[in-house]
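Numbered by UniProt numbering, the letters in the sequence shown go through residues 1 to 161 in order. Since the structure comes first, as structure tokens, the remarks are kept for the end.
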Amino acid sequence: MTVQDPATGAERFVVVPASYVFFLREIDRAVTEVLLQLRRGTGYMDEHWAAAAAGHVERGETAEAAARREAQEEVDVADLGLEFLTAMQRTAHDLPIDERIDFFFASRSWSGEPRIVEPAKCADLRWFPLDALPEPVVPHELVVLEALRAGAVPPLTHHGF
Numbered sequence: 001m002t003v004q005d006p007a008t009g010a011e012r013f014v015v016v017p018a019s020y021v022f023f024l025r026e027i028d029r030a031v032t033e034v035l036l037q038l039r040r041g042t043g044y045m046d047e048h049w050a051a052a053a054a055g056h057v058e059r060g061e062t063a064e065a066a067a068r069r070e071a072q073e074e075v076d077v078a079d080l081g082l083e084f085l086t087a088m089q090r091t092a093h094d095l096p097i098d099e100r101i102d103f104f105f106a107s108r109s110w111s112g113e114p115r116i117v118e119p120a121k122c123a124d125l126r127w128f129p130l131d132a133l134p135e136p137v138v139p140h141e142l143v144v145l146e147a148l149r150a151g152a153v154p155p156l157t158h159h160g161f
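Right, dumping it as structure tokens:
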């Protein structure tokens, strides 16, 4: 997507920011699980498994504040202990909004019991071992989950280039 710079009249592309939270829990020293939602009725990646909480960063909001807000709105949890995982620059080239920056966080502590708050957008909410993820997972999120499973998430990732 592009916008016109009011000062120069030049077109500039717009980057759309979003925050994602992967809720993690250790079952034992060998198994870490991630909480994923099954998207339905959203118009984007429906019938794909995705981060339990994710959404756009609003004007004037930090990426961390957006992650906390989305966690409250989507799974009814608060007081997240956030760990920054990676920033992902991605493009879809052919979509109207095709330039994005995604901020991925992990949370291993929170208050409340995660539950489906938006049943019109979420068909299921389940814990999965990182080494046994369901299919399909939203492709750009899978990149981060695979890096998390491998134990080495780079601070900057890319998708679609």
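Using N, Cα and C, we set each Cβ at its ideal position, and we do this for glycine too.
Three-way DSSP call (helix, strand, coil) for residue i in this model
i      : result
ARG69  : helix
VAL75  : helix
LEU130 : coil
GLU64  : helix
HIS93  : coil
PRO139 : helix
VAL31  : strand
ALA50  : strand
GLU113 : coil
GLU99  : strand
GLU11  : strand
Beta-carbon proximity of residue i to residue j, cut-off 8 Å
i      : j      : result
VAL21  : ALA54  : yes
ARG108 : GLY81  : yes
VAL34  : VAL75  : no
SER19  : VAL77  : no
VAL3   : PRO129 : no
ASP28  : ARG39  : no
TRP110 : ARG25  : no
LYS121 : GLY60  : no
ALA106 : LEU156 : no
LEU125 : VAL137 : no
ALA65  : PRO17  : no
C-alpha gap between residue i and residue j, whole angstroms
i      : j      : result
VAL143 : GLY151 : 13 Å
LEU36  : ALA147 : 16 Å
GLU113 : TYR44  : 26 Å
PRO119 : HIS158 : 31 Å
PRO6   : GLN89  : 26 Å
Top-ranked residue by Cα proximity to residue i, from the options
i      : options                           : result
HIS48  : GLY160, LEU148, ALA123 and PHE161 : ALA123
GLN72  : GLY41, ALA30 and ALA52            : ALA52
VAL14  : THR91, GLU146, THR62 and GLY112   : THR91
ALA140 : PRO134, ASP131, ALA132 and ASP102 : The amino acid at residue 140 is misidentified as Ala; the sequence shows His. Among PRO134, ASP131, ALA132 and ASP102, the Cα nearest to that of HIS140 belongs to ASP102.
GLY160 : HIS93, PRO119, PHE104 and GLU135  : HIS93
ARG12  : ALA132, ASP98 and PRO134          : ASP98
Counted within 10 angstroms of its Cβ, other Cβ atoms place residue i as buried (16 or more) or exposed
i      : result
LEU85  : buried
VAL153 : buried
ARG100 : buried
ALA67  : buried
GLU70  : buried
beta-carbon residue i near the ligand COA non-hydrogen atom, thresh 7 Å
i     : result
ALA10 : With respect to the ligand COA, the structure offers nothing, as it holds no ligand at all.
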